[in-house]
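Take 43 as the starting number for the sequence shown in my numbering and just add one per residue.
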Amino acid sequence: MSKVHELASTIFLVIAMLVGLAYSLLTSYNYRRGKLEYVVFPVYNDDHSQFQSFFFSGALLVGLVIAYYADYTTVFWSCVCLFIILLLFFSALFNMPGGFLKVKSNRMSLYGVPETIEMEEINAIDIYHDRIVVHGLKGKIWLASNIKIDHVYAEKIASYLSTNLVNYPVNINNQLIGN
């Protein structure tokens, strides 16, 4: 009975990994086509994330070759592993920025801020090259730091906020203008 549980947990883990990687690739594809309903921007961890996917795909490929030639694995599991390697490789190749800003249902989600922010609580939003600062009405401050925003991304963020915050009296300050 324990062999069945081991096989089921392995299959579940492989399926979960495949679904996660496929979802990541689909999101990256939609980002490249401009079909995302939110704005994304680069963060300092993006390069590390991309390298990590390349590294793991290479390490899995070496492990797969060794396991296959040493007769440690079957053809089925070799094909599954090869598919995972390809998904990891393409995920690294078509890596999208890790930062995000979403406005949905009177709430804002921001990279690096663990809680969603009610739109009615926001007084002003400041966009800097390395952080986004959200000022609340009661003096509360939410901070998204460790980001890499240039003029282009700052304009995208400001435009997205202006479009989605039309009904709210929020001051949007792009601090990168003129720099």
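Note that beta-carbon positions come from the ideal geometry of N, C-alpha and C, so glycine has one too. Predicted model, so just to flag it, every value in this text is computed and none were measured.
Going by beta-carbon coordinates alone, are residue i and residue j separated by less than 8 Å?
i              : j                 : result
isoleucine 191 : histidine 171     : yes
proline 156    : phenylalanine 83  : no
leucine 67     : phenylalanine 132 : yes
asparagine 137 : alanine 166       : no
serine 120     : leucine 102       : no
isoleucine 164 : alanine 196       : no
From residue i to residue j, what does the alpha carbon distance come to, in whole angstroms?
i                 : j                 : result
phenylalanine 125 : glycine 100       : 13 Å
isoleucine 57     : isoleucine 219    : 46 Å
tyrosine 202      : alanine 186       : 17 Å
asparagine 188    : valine 81         : 17 Å
asparagine 87     : leucine 152       : 16 Å
tyrosine 210      : isoleucine 159    : 13 Å
alanine 64        : serine 95         : 14 Å
leucine 19        : tyrosine 110      : Since the first residue of the chain shown is 43 and the last is 221, residue 19 is not available in this structure.
glutamate 162     : valine 176        : 12 Å
glycine 97        : valine 208        : Before going further, note that residue 97 is phenylalanine rather than glycine in the sequence given. Approximately 44 Å, taken between the alpha carbons.
leucine 143       : threonine 115     : 44 Å
asparagine 148    : glutamate 79      : 15 Å
valine 122        : leucine 49        : 14 Å
valine 85         : glycine 154       : 10 Å
asparagine 221    : arginine 173      : Its pLDDT being 48, under 50, asparagine 221 is placed unreliably by the model, and nothing is read from it.
alanine 112       : phenylalanine 118 : 15 Å
Going by other Cβ atoms of all chains shown within 10 Å of its Cβ, with 16 needed for buried, is residue i buried or exposed?
i                : result
leucine 135      : exposed
phenylalanine 93 : exposed
asparagine 216   : buried
asparagine 206   : buried
glycine 181      : exposed
valine 194       : exposed
glycine 141      : buried
isoleucine 183   : exposed
valine 61        : exposed
serine 70        : buried
tyrosine 104     : Looking at the sequence shown, residue 104 is not tyrosine but valine. Exposed is the call here.
Can you tell me whether residue i is helix, strand or coil according to DSSP?
i                 : result
phenylalanine 136 : coil
glycine 141       : strand
valine 185        : The identity of residue 185 in the sequence shown is leucine, whereas the question assumes valine. Reduced to three states, the DSSP call for leucine 185 is strand.
leucine 102       : helix
aspartate 168     : strand
glutamate 163     : helix
valine 155        : coil
asparagine 206    : helix
lysine 231        : The question about residue 231 has no answer, for the chain in this structure spans 43 to 221.
asparagine 216    : strand
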